[in-house]
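Following: one structure in C-alpha cells, then a few remarks.
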Amino acid sequence: MIPEYLLRALLSGIMVSVLLGMLSPLITMKGLAFLTHATFHSLLFGAILGMILGLIFGNLSLITWMALIVTIFVVILIALLENRGFSSDTAIGVIASFIAGSTVLAFGVLYKVMASRPYFALSQSIVSYLTGELFLITLNDLMFLVLGGALIFFLMLAFYRDFLYVIFDAEGLESYSGNAKFYLALLYVIVGASGALIVRTVGLITLQVVAVLPGTIAMMLSNDLRKILGISLGLTLSVQVLSIVLAYLTAIPPSGITTIMLGAVYGILVLRR
C-alpha cells in the first residue's frame, strides 16, 4: 500500500508538472528566464516577511500568502515598467535590485524576531523553503495547491493563444484591437503566482531551472508549437514522478534529482548538435 505522504507528494508533483509544463514554453519563447530570477528574489523576500509576521502573530500560514502577494506585486511593477518603454532586462534589473537589498534587510529583522522567540525557531522552515518539502506536504497544502493550480491552469487555457500572439507579434495583436499590454501583465502575474504556489514543493534554489529547462528542451526537439507543449508537459511529468520515486528510495530531496535529470537531458541534446 502506498504511504499517504507519498501519495500526496505524487499528486502535488503532477499538479506542479502541469503548471510548469504549460508555462515553461512561454517563458522560453518570451525570454523570461531573467524574470524567473527576479521571481526568485521576490519569493524569498515575501517568505521572509511572512516568517516575521508569522512569528509575531503565531500564524505561519502567512508565509505562503506573503510570498504570493509580494511576488504578484513585483511582476506587475515589472510589466508596468515594460509598458512604459523600458526593456525587459532593464525593468527586471531595476526592480530586482531593490528586492535583493530588501531581502537582506528583512533577514536582519527576522533574526532579531527569532532571537526574541527562542522556542519558535524557523531554521527548518527556511531550509525547506529553499530546497523544497514535497514529502512534508499536508492535506491543506495539497488542497491549496490543487485549487490554486486549477485556477492558473484554466487562465492559461483561456489566454494561451493570446500569450503566443504577445510573444510573436505584439504589434499585430494591437492592430486587431487586442490589448497586448494587458496580456503581457497577465502572463507575468501567472508566472509569479505559479512560482509562489509551487515554491514549497520545488524549492527556491531549483525553481528557475525547472521553470526554464523543459521549454528549452522542447524547443530543441521541435518547431511545432503543439509538439513543443506536448514535449514540455510529458518531460516535466515524467521527470517529476521519477524524481519523487527516486527520492523516496534514496532519501534525497526530489528537487535536486529533478534538476540533475533535466540538466542531463539538456546537456545530451547540446552535445549531440
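When the letters of the sequence shown are read in order and numbered with my numbering, they come out as residues 285 to 557.
The beta-carbon is built from N, C-alpha and C at its ideal position, and this holds for glycine as well.
*Please determine, among V300, L291 and I286, the residue with the shortest C-alpha to C-alpha distance to L429.*
V300
Per DSSP, what kind of secondary structure is I451 in: helix, strand or coil? helix
Task: Cα-Cα separation, A477 to V525 - done: 23 Å
| said: With a threshold of 6 Å on Cβ separation, who are the neighbours of Y550 within its own chain once the five nearest residues in sequence on each side are excluded? | reply: L497 and I501
**Item:** Contact belief for A495 with S308 at Cβ below 8 Å, rounded distance in angstroms
**Value:** With a beta-carbon spacing of about 6 Å, A495 and S308 fall inside the 8 Å limit used to define contacts.
Checklist entry - Along the chain, which unbroken stretches of the alpha helix (DSSP H) at least 4 residues long are found entirely within the region 500–543? => result Taken in chain order, the unbroken stretches of alpha helix (DSSP H) that lie wholly in the region 500–543 and span 4 residues or more are 509–534.
**Request:** Out of N424, E366, Y289 and M335, point me to the one whose CA is closest to G467's CA.
**Result:** The sequence given here has Tyr at residue 467, not Gly. The candidate whose alpha carbon is nearest that of Y467 is E366.
When you compare the region 353–370 with the region 378–394, are there three or more beta-carbon pairs, one atom per stretch, that lie closer than 8 Å?
Contact holds: three or more Cβ-Cβ distances are below 8 Å.
Does the separation of the CB atoms of L418 and T485 fall below 7 Å?
yes
Give the secondary structure of R557 by DSSP, where H, G and I count as helix, E and B as strand, and everything else as coil.
coil
Quick check: the region 384–399 against the region 437–457, are at least 3 beta-carbon pairs closer than 8 Å? The region 437–457, when compared against the region 384–399, does not touch it at the 8 Å Cβ threshold.
For this session: Use the C-beta contact count for K314: other C-beta atoms within 10 angstroms, 16 or more gives buried, fewer gives exposed.
Result: buried
Subject >> Residue burial classification, S371 (beta-carbon count within 10 angstroms, cutoff 16) >> reply: exposed
Spatial neighbours of L316 within its chain, please: CB distance less than 7 Å, with the 5 preceding and 5 following residues excluded, ordered by chain position.
V475
Exercise. Tell me whether T355 sits in a helix, a strand or coil according to DSSP, three-state version.
Key: helix
Notebook entry, point to check: Fully enclosed by the region 365–422, which alpha helix (DSSP H) runs are 4 residues long or longer?
Noted result: With a minimum length of 4 residues, the continuous alpha helix (DSSP H) runs that stay inside the region 365–422 are 372–400 and 407–415.
Based on Cα-Cα distance, which residue from Y472, A434 and L426 lies nearest to I360?
Distances from the CA of I360 to each of Y472, A434 and L426 were compared; the closest alpha carbon is that of Y472.
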